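The structure appears below as structure tokens.
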Amino acid sequence: MKRLVLILGDQLAHDIAALRFADPARDVVVMAEVRGEGTYVPHHPQKIALILSAMRHFAADLRHAGWEVAYTRLDDPDNTQTIPGELLRRASELGATEIHATRPGEWRLITALDEMPLPVTQHADDRFLCSDADFAAWAEGRKQFRMEWFYREMRRKTRLLMDGDQPVGGKWNFDHDNRKAAKPDLFRPRPPRFVPDSVTAEVLDLVDAQYPDHFGRLRPFGWGVTRADALTALDWFIDHALPRFGDEQDAMLADDPILSHSLLSPYLNIGLLSPMEVCAAAEASHRKGKAPLNAVEGFIRQIIGWREYVRGIYMLHGPGYADQNVLGADRALPALYWGAKTDMACLSHAVAQTRDLAYAHHIQRLMVTGLFGLIAGISPQALHEWYLAVYIDAFEWVEAPNTIGMSQFADGGVLGSKPYAASGAYIDRMSDYCGSCRYKVKDKTGPDACPFNLLYWHFLLRHRDRFQANPRMAQMYRTWDKMDETRRQDTLSEADAFLHRLESGKRV
Ligand code: FAD
Ligand code: SF4
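Just so we're aligned, residue 0 is where the sequence shown starts under numbering that gives the first Met the number 0, counting upward by one.
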């Protein structure tokens with residue numbers, strides 16, 4: 000009896016669990032482009048194009064390797080436009096009675112497969128370095144989760160950057176040497192862009208026709224869509240950008256949206272690269288003397304630390320992680336997130352580059368769009384849907400913990416010990432945005448005061464009961480209490496007026 004083997008658009012690895020289990024002599028691989036997956040949030044057109052083109056290339060590779068592949072195109076007339084619908088259609092067409100899948104990275108799909116009327120085996124997704132069981136064992140009995148402790152375990156487990164049982168360089172973390180501001184540099188190397196081949200060109204036309212209303216520019220499209228492209232992108236990063244990665248990790252420049260970031264997250268997240276090969280390449284570069292330890296350690300920490308940690312938390316929590324809202328934030332998402340004009344230069348730059356590239360680096364997501372959402376009291380669910388929609392690398396297992404947990408503190412501090420709240424001074428220190436802004440970052444109150452300065456205090460005061468006792472935040476409350484009474488009143492009333500303007504849809 001035939002069995003179906005489901006391969007989803009973010010499972011494009013030849014050694015993925017379901018394929019390792021399956022037998023090309025008797026099983027049929029099912030891959031399906033379905034409207035439901037492109038529209039449950041309005042995904043950026045570049046993200047849809049990346050996934051569809053990578054799926055088509057991957058299906059061709061599988062056929063070449065001897066697999067029978069039942070592939071549904073988005074505009075096939077028989078397409079039921081959902082994953083369960085396509086599995087049932089293929090099962091009845093091919094007489095299959097059993098389905099094998101690699102466990103999806105979203106509870107939405109895990110549940111949909113569990114509820115199928117045919118038996119579905121969901122094989123553990125072992126592309127991750129920490130299994131769900133290992134994460135649960137690590138978390139067991141801990142009052143608080145802290146990424147740094149998890150990361151050290153992962154260093155020991157993977158043996159990355161270890162000399163015996165000690166970390167290379169004598170320290171686990173070299174962040175002290177990172178986090179510098181950056182200067183525009185015409186000679187900063189530019190990452191490779193990939194010219195669309197005929198498969199990608201056809202997909203681009205399809206996406207253009209099918210998703211005309213989704214936020215974001217489809218062209219120019221320069222993402223890689225095959226494993227060979229992804230390896231080219233990896234090699235380029237290791238040779239050209241990794242040495243500066245640490246220094247420039249937290250910096251933001253208006254005319255350089257990428258700086259020395261890797262742009263590897265989409266390839267990692269859809270299966271074209273594995274986390275271990277990426278980290279091993281970075282470590283080898285350091286051992287050959289080509290990249291400094293602060294850069295390589297910082298980069299590896301993002302992958303075996305943060306990436307594995309957020310997935311562990313998402314899977315451990317179970318369905319509903321993204322529904323949390325402990326701070327009770329309920330303001331609607333302002334139109335400026337969808338490109339409406341704003342006078343705040345930092346937000347204007349971050350959203351414009353998101354529209355053009357489907358990409359913003361971590362600090363832009365955390366300390367510009369995320370920070371504004373947090374201190375303005377925007378609904379974390381509205382932000383979650385926005386982040387899930389607009390970024391090329393967004394899949395719920397990684398996006399939701401970063402948005403709901405790290406950026407919005409809506410999980411009550413499971414992921415991080417304090418909210419990432421800050422005034423405009425942080426953005427000014429790490430970017431060149433403020434110089435061209437209509438607001439003045441040095442103004443704390445008054446008609447030109449930077450909105451981040453006003454909203455920062457408004458946020459802290461709204462949540463005083465919750466945060467005052469937090470040792471990492473108590474100093475801020477003492478500063479507020481010592482502030483001149485007039486300034487305190489002006490700050491809060493101007494913040495209220497700003498929020499009122501924001502809510503009424505006026506340009507801010
Ligand atoms: P680099 O800066 O070059 O970092 C190297 C790699 O480290 C990345 O490719 C990524 O795989 C990993 N990494 C770095 N930080 C994180 C992190 N916090 N969590 C998980 N992995 C990390 N990342 C996603 O992959 N998908 C998302 O949907 C996503 N949503 C986010 C939403 C918010 C609100 C925030 C604050 C962060 C989000 N991140 C997400 C994490 C991070 O911003 C991106 O991984 C990173 O910007 C990807 O660009 P890059 O490949 O150039 O990363
Ligand atoms: Fe953003 Fe304030 Fe700087 Fe303007 S002044 S760019 S609003 S931080």
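The beta carbon of each residue, even a glycine, is placed where N, CA and C say it ideally should be. Just so we're clear, the structure is a prediction, and the values are computed from it rather than from any experiment.
- Here the alpha carbon of Trp171 sits roughly 22 Å from the alpha carbon of Ala250.
- Taking 7 Å as the cut-off, the C-beta of Leu315 does not count as close to any heavy atom of the ligand FAD.
- One thing to note: Met343 has its Cβ no nearer than 8 Å to the Cβ of Tyr455.
- When distances are taken from the beta-carbon of Tyr438 to the heavy atoms of the ligand FAD, even the shortest one reaches 7 Å or more.
- Within the DSSP bridge table, the entry for Tyr70 names Met30 as partners.
- In this structure, Val367 and Ile403 do not form a Cβ contact; the two beta carbons are roughly 18 Å apart against a cut-off of 8 Å.
- Note on geometry: alpha-carbon atoms of Asp77 and Asp355 lie some 34 Å from one another.
- The alpha-carbon of Ala90 is positioned some 15 Å away from that of Thr120.
- When Cβ pairs closer than 8 Å are counted between the two stretches, the segment 304-323 is seen to touch the segment 381-400, the count reaching three or more.
- Beta-bridge partners assigned by DSSP to Ser430: Met251.
- The ligand SF4 has no heavy atom closer than 7 Å to the beta-carbon of Gly245.
- In the pairwise beta carbon analysis, the segment 244-259 is classified as touching the segment 284-295: at least three pairs are separated by under 8 Å.
- Ala200 has its Cβ no nearer than 7 Å to any heavy atom of the ligand FAD.
- The shortest C-alpha to C-alpha distance from Asp204 to any of Ile47, Arg465, Gly372 is the one to Ile47.
- In the DSSP secondary-structure assignment, Glu97 is bridged to Arg2.
- Not one heavy atom of the ligand FAD sits closer than 7 Å to the Cβ of Ala321.
- Relative to the ligand FAD, Met482 has its C-beta separated by 7 Å or more from all heavy atoms.
- Cα atoms of Arg487 and Lys505: separation of roughly 25 Å, rounded to the nearest angstrom.
- Pairing Pro450 with Val507 gives a Cβ-Cβ distance under 8 Å.
- The straight-line gap separating the alpha-carbon atoms of Gly412 and Gly369 is approximately 16 Å.
- Taken from the Cβ of Gln352, every heavy atom of the ligand FAD lies 7 Å or farther away.
- Counting C-beta pairs closer than 8 Å gives three or more between the segment 158-166 and the segment 271-282, which meets the contact rule.
- Within a 10 Å sphere around the beta-carbon of Gln165 sit fewer than 16 other beta-carbons, which makes this residue exposed.
- By the beta-carbon neighbour count (other beta carbons within 10 angstroms, threshold 16), Glu502 is exposed.
- The three-state reading of DSSP puts Pro265 in helix, counting H, G and I together.
- Shown here, His260 sits in coil according to DSSP, grouped into three states, outside any helix or strand.
- Its chain contains Ile374, Ala420 as the residues whose beta carbon lies nearer than 6 Å to that of Phe458, once the 5 sequence neighbours on both sides are disregarded; these appear in chain order.
- Bounds of the beta strand (DSSP E) holding His122 are 119-122.
- Partner residues in the beta bridge of Met161, as assigned by DSSP, are Pro166.
- Boundaries of the alpha helix (DSSP H) around Asn452: 450-461.
- Straight-line spacing of the CA atoms in Tyr150 and Glu92 works out to 47 Å.
- Under the three-state reduction of DSSP output, Lys156 falls in the helix class.
- The beta carbon of Gln10 sits no closer than 7 Å to any heavy atom of the ligand FAD.
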